[in-house]
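Chemist:
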Amino acid sequence: MLLTPRHRSRPRISRPRKTALLASAVSVCLVAAAAPAEPLGVGDRLFPHLGNPGYDVASYDISFSYPGTHDKPLQAVTTIDAWTTTDLDRINLDFAHGTVQSVEVDGRPARFAGADEDLVVTPEAPLSQGSWTRITVRHTSDPVPGKDQDGGWVRTADGLAMANQADAAHLVFPCNDHPSDKAMFTFRITAPNGYTAVANGLPAGADRIGRTTTWTYRTQHPMATELAQVSIGRSAVVRRDGPHGLPVRDVVPADDRKALEPWLAKTPGQIAWLEGKVGRYPFETYGVLMAQAATGFELETQTLSLFEKTLFTESAYPKWYVESVMVHELSHQWFGDSVTPRSWSDVWLNEGHATWYEALYAEETAHRTMEDRMRAAYGASDRWREAGGPPALPKPPAPGQKISIFRPNIYDGAALVLYALRQEIGRPAFERLERLWVQEHRDATATTADFVRLASAVAGHDLTGFFRDWLYAEKTPPMPGHPEWKPTAQAAPAQPRIAR
Ligand SMILES: [Zn+2]
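Take a look at the structure:
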């Protein structure tokens, strides 16, 4: 994710713990439940109630029926295939914005109740550890934000897009909403003819039946719920070849296709540039989704990154800046999407690397030197640590502002850690580490400790102390090779682009 400059200090509103819709929809069932349903989580330090223990989702199959207007709920069916990792009397899913109509477990009707932001399902018979189970939820998916809700569906001028990071997938569909549980996804989107639907992964059919068309997409790699994307709009899908025949498809408003083409044409070269740095692109396809919406950020949804169209049409943004933002989201496909953080405290591994390649691209293509940017970051780093915590120990989000974990400490503040590492172990070792990192943890999740271990192995000496200081200390350590770099007193934007 990358905040766009003009939205940087947009005040955000709080989200209640439970939505009235879900609460009223399930209140009848509460009576039938044996004991009060309780919300659970996987113990994420920043989002304690996200995710659920006791099972591992293998796949989601999600059907959405778009009514042709984005101010009415979509009818939806979410089918989850999961492997139980413990005996379960109940299965908690995360779901907080929609009406649940029915739940089945392994084809049998199950009781369900809302509890905080969880949907608690009680199957007829308890599930035993080490078995497959299929949970089918019929529900609505409401694109109109609930009072004080933020994230999930994004209403665009011509339809819908999705922005679930960090914790909003469960405003769209029932799920195990934590990046530690990646799964395969199939999306089936039914929309009136004239609309185009695109989702993560490769197309697997478009079936026209009467006045509607059902579009099917499948991911070829596991994906975190926060990275799901479904675009429904009056869109053109522009196809071209990327490096070694990689299918690139961009999704743009049909009327703007020609005007946006110069930007779209840049993607294959950017992919080739990144492949030259870190190795083969990790997924089956890529592309940019240019949405007519004021999201306030761009987002690395897997295989199809979400951008605000105005990033490309507003003349105030310098060309090199726009390109570096494109590279930021593209590099997330390796760092954040293919290699997913095990917990949200590891998010510096996403944003630090995306910022790193964003800056490196600007250095190599637009003569904006990394050293200048990192010197400026060094000057501000202590202040960022004070405001947001050290890069690998970020402060919890402000109450009701969950997106507020996306602070400068995990962007340029974390890229600064990578710069310090490169200074410490030298460029060849650093570049080898980057390639190995995305290779070894491809399609998986990884922790900060994993990165420290691999960096130490590549460097040939223990870097635990180095990383402890750089990732967890209140104050920024001295920069190797630049003893003259000092914290600066004032928050002064060093370059026009820096506004996030
Ligand atoms: Zn980002």
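Quick note: the sequence shown uses numbering that gives the first Met the number 0, first residue 0, plus one each step.
Positions of the beta carbon are idealized from the N, C-alpha and C atoms, including for glycine.
Determine the closest residue to K257 out of S234, E274, L245, W272, with distance taken between C-alpha atoms.
Modeler: Residue S234 is the option with its Cα nearest to K257.
Chemist: Consult DSSP for Q422 and reduce its assignment to one of helix, strand or coil.
Modeler: Here Q422 sits in helix by DSSP.
Chemist: Check whether the Cβ of E357 sits closer than 6 Å to any heavy atom of ligand 1, and report yes or no.
Modeler: No, Cβ of E357 sits at least 6 Å from all heavy atoms of ligand 1.
Chemist: When burial is assigned at 16 or more other CB atoms within 10 Å of the CB, is A31 buried or exposed?
Modeler: At A31 the pLDDT is 46, less than 50, meaning the model places this residue with poor confidence and gives no usable figure here.
Chemist: Go through its chain and collect everything with a Cβ distance to V119's Cβ below 6 Å, but skip five positions before and after it.
Modeler: So the list reads A36, R89, N91, A112, once near-sequence residues are dropped.
Chemist: When the Cα of H220 is compared with those of W262, Y59, A75, which residue comes out closest?
Modeler: Comparing Cα positions, the closest option is Y59.
Chemist: DSSP state of S234, grouped into three classes?
Modeler: The answer is strand: DSSP assigns S234 an E or B state.
Chemist: Please report the residue range of the beta strand (DSSP E) in which R137 lies.
Modeler: First-last of the beta strand (DSSP E) with R137: 131-140.
Chemist: What is the rounded straight-line gap between the Cα of R133 and the Cα of A375?
Modeler: For R133 and A375, the distance between alpha carbons rounds to 52 Å.
Chemist: Kindly list the residues whose CB is nearer than 6 Å to the CB of L87, restricted to its own chain and excluding five residues on each side of it in sequence; keep chain order.
Modeler: Taken in chain order, the residues that qualify are G53, L126.
Chemist: Tell me which same chain residues have a C-beta within less than 6 Å of the C-beta of W262, skipping the five on either side of it?
Modeler: So the list reads F311, once near-sequence residues are dropped.
Chemist: Is the number of C-beta pairs between the region 94-102 and the region 134-147 that are closer than 8 Å three or more?
Modeler: The region 94-102 vs the region 134-147: in contact.
Chemist: At which residue ranges does the region 306-393 contain complete alpha helix (DSSP H) runs of 4 or more residues, listed in the order of the chain?
Modeler: Within the region 306-393, the complete alpha helix (DSSP H) runs of at least 4 residues are 309-312, 318-331, 347-365, 369-387.
Chemist: Note down, in chain order, each residue of its chain lying with its Cβ closer than 8 Å to the Cβ of Y65, except the 5 sequence neighbours on either side.
Modeler: Same-chain partners within the cutoff: L73, G158, L159, I188, T189, A190, P191, Y194, A196, I231.
Chemist: Check for me: the alpha helix (DSSP H) holding Y471 runs from which residue to which?
Modeler: 463-471 is the span of the alpha helix (DSSP H), which, as asked, contains Y471.
Chemist: Does any heavy atom of ligand 1 sit closer than 6 Å to the C-beta of E307?
Modeler: Checking the Cβ of E307 against ligand 1 gives no.
Chemist: Can we count M0 as close to ligand 3, meaning its CB is less than 6 Å from some heavy atom?
Modeler: Ligand 3 is absent from the structure shown, which contains only ligand 1.
Chemist: According to DSSP, is Q269 helix, strand or coil?
Modeler: Reduced to three states, the DSSP call for Q269 is helix.
Chemist: Can you give me the C-alpha to C-alpha distance between S130 and A124, rounded to a whole angstrom?
Modeler: Rounded to whole angstroms, S130 to A124 spans 13 Å at the Cα level.
Chemist: Taking buried to mean at least 16 other C-beta atoms within 10 Å of its own C-beta, is V143 buried or exposed?
Modeler: Label assigned to V143: exposed.
Chemist: Taking buried to mean at least 16 other C-beta atoms within 10 Å of its own C-beta, is A456 buried or exposed?
Modeler: It counts as exposed.
Chemist: Ligand 1 and E260: does any heavy atom of the ligand fall closer than 6 Å to the residue's C-beta?
Modeler: No, ligand 1 has no heavy atom inside 6 Å of this Cβ.
Chemist: For L470, which of A488, V437, V416 has the nearest alpha-carbon?
Modeler: It is V416 whose Cα lies nearest to the Cα of L470.
Chemist: Identify every residue that forms a DSSP beta bridge with T447.
Modeler: Note: T447 sits in no beta bridge, so no partner.
Chemist: Who are Y216's beta bridge partners in DSSP?
Modeler: DSSP, once it has assigned bridges, lists F186, P202 as partnering Y216.
Chemist: Considering only heavy atoms of ligand 1, does any lie closer than 6 Å to the CB of E313?
Modeler: No.
Chemist: Less than 6 Å separating the Cβ of A162 from some heavy atom of ligand 1?
Modeler: False, no ligand heavy atom lies under 6 Å from that Cβ.
Chemist: Is it a yes or a no for the region 344-355 touching the region 391-410, going by three-plus beta-carbon pairs under 8 Å?
Modeler: Verdict: yes, contact present.
Chemist: Any idea what DSSP makes of F63, helix, strand or coil?
Modeler: Here F63 sits in strand by DSSP.
Chemist: Run through DSSP, which three-state label would F172 get?
Modeler: F172: coil per DSSP, three-state reduction.
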